[in-house]
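For the sequence shown, this note's numbering gives the first residue as 64, with consecutive numbering after it.
Below you'll find the structure, written out as structure tokens, and then a few comments.
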Amino acid sequence: MATAHAPSRFPRQAIFYKDLGRRRRSEDCGRKTLSLPGDRGGFGKVSGGFALCVVSEQIARLAELPNIVGVKDATAKVDRVSEQRATCGTDFVQLSGEDATALGFNAHGGVGCISVSANVAPRLCADFQAAMARHDWDGALALQDRLYPLHDALFSDSSPGPVKYALTRVRPDMPGDVRLPITWPSESSRAAVDRALEIAGLV
């Protein structure tokens, strides 16, 4: 499953739709998920480094294309899940791209998360998603409480610096050097990661 790329500009919604429709006709490109990162308050980088604010009405139009099967949504607006279930149908795959709000996202009808924290705590994140899949919301909330400090700490400095640092703490074989443009996190960021790892029971 691939991720849909937006054109290299800030296009109008109709241009984005026509571009994806053209690709569907001209390429055997397989099934895709749309990617809606949220680092710009609704406008976000879409895979490939471009930016577009895709409104829910446009998601509904895109969902009608046979090669668009879902969306990765990192806007942290969990109400979009309910809105898109109403406009796209309950079979349209909605994945969170934002760990901290994944509990609410799935409670609204999401079906998983493309996670940053899972790079550091794969078992806990898998258990968290499994608990929600079986509707064990109390168990999921307990895991959320353990994981939330980690979700927060991994973005306490320029990403993926804190993730790289966290991996050196949980994996002794992980190299402790980085190359530009990645930079090592600040002392305060490393301290936040250390505290989060302790709360999660990972160190």
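For every residue, glycine included, the Cβ atom is placed at its ideal position computed from N, Cα and C.
With burial defined as no fewer than 16 other Cβ atoms inside 10 Å of the residue's Cβ, what is the status of residue i: buried or exposed?
| i | result |
| --- | --- |
| Pro185 | exposed |
| Ala255 | buried |
| Gly264 | exposed |
| Pro248 | buried |
| Arg234 | exposed |
| His214 | buried |
| Asp236 | exposed |
Starting from residue i, trace the beta strand (DSSP E) both ways and give me its first and last residue.
| i | result |
| --- | --- |
| Leu217 | Neither: Leu217 is in no beta strand (DSSP E) and is coded neither H nor E. |
With residue i as the anchor, note down where its alpha helix (DSSP H) starts and where it stops.
| i | result |
| --- | --- |
| Ser119 | 119-126 |
Helix, strand or coil for residue i, going by three-state DSSP, please let me know.
| i | result |
| --- | --- |
| Ile245 | coil |
| Leu265 | coil |
| Arg234 | coil |
| Ser252 | helix |
| Pro223 | coil |
| Asp257 | helix |
Alpha helix (DSSP H) runs wholly inside the region 134-217, at least 4 long, in chain order
If you keep only unbroken alpha helix (DSSP H) runs of at least 4 residues inside the region 134-217, you get 142-151, 165-170, 185-196, 200-216.
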